[in-house]
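Engineer: Residue numbers (our numbering): 4 to 181.
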Amino acid sequence: MRRVRRRRQRKEIEKKSAIKAVLGWIFQIFVVVLIAYVVVFFFGQTRTNVGQSMNPTLAGGDTVLLNELSYKLKSPARGDVIAFKVNGSNSSYIRRVIGLPGETVDIRDAHVYIDGADTPLTEDYLKEEWTKDTGPYTFEVPEGSYFVMGDNRNASTDSREASVGAIPKENIKGKVFF
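(1) Enumerate in chain order the residues of its own chain whose CB-to-CB distance from Gly147 is below 7 Å, with the five nearest sequence positions on each side excluded.
(2) Thinking C-alpha only, which one of Arg98, Ile85, Ala120, Gln12 is nearest Ala158?
(3) Residue range of the beta strand (DSSP E) that Lys88 falls in?
(4) Go ahead and label Lys178 buried or exposed: buried means 16 or more other beta carbons lie within 10 angstroms of its beta carbon, across all protein chains shown.
(5) Evaluate contact between the segment 114-128 and the segment 22-29, counting only Cβ atoms and requiring at least three cross-stretch pairs below 8 Å.
(6) In terms of residues, what are the limits of the alpha helix (DSSP H) holding Lys135?
(7) Would the segment 132-145 and the segment 56-71 be scored as touching if the rule is three or more Cβ pairs under 8 Å?
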């Protein structure tokens, strides 16, 4: 009689342990799915680079992840690679921030100068000689907007073009981070 009672107790304990284990697994899976959803929702938007404007940093067809939360907390910085919309279009452009709100961008002799500086902007990401549209050119960046350029200055549609111009902060979709 005692043996039967002990076996029943052991089976009940094992049954409760199995239920606890299954519930533990379900809870862990739920937490992982929730975290994945939050990460994708805030950080996981993707864009595909079209064209050669960002060569060699990004090749045409490369897919990147955007951090959309970043610019809700702070403003873009010079050198950031961003994705943005132009004049209400549905497609995104990917370019590098060169000029910040209120600055004057001067382009002359294939170099960028900010606010009349004597020394050009250091741009280590440029890998080929810049021969197209090398200036002279002066652009006053409006408050709340950014001047952007591609890393392939010879084949980039960017803020130098009237069709793109300065990019208002609200048109910036996120910072390219991967």
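Where is the CB? At the ideal position from N, CA and C, for every residue including glycine.
Structural biologist: From the atom records:
(1) Here residue 147 corresponds to residue number 144 of the sequence shown, with the count starting at 1. So the qualifying residues of the chain are Pro104, Pro171, Lys172.
(2) Locating residue 158 in the sequence shown gives position 155, counting from the first residue. Looking at the Cα atoms, Arg98 is the closest of the given residues.
(3) Looking up residue 88 in the sequence shown gives position 85. Lys88 -> beta strand (DSSP E) spans 84-88.
(4) Looking up residue 178 in the sequence shown gives position 175. Buried, because 16 or more other Cβ atoms sit within 10 Å of the Cβ of Lys178.
(5) no
(6) Reading the sequence shown from its first residue, position 132 is the one you call residue 135. Segment: none, Lys135 is in no alpha helix (DSSP H) and carries neither H nor E.
(7) no
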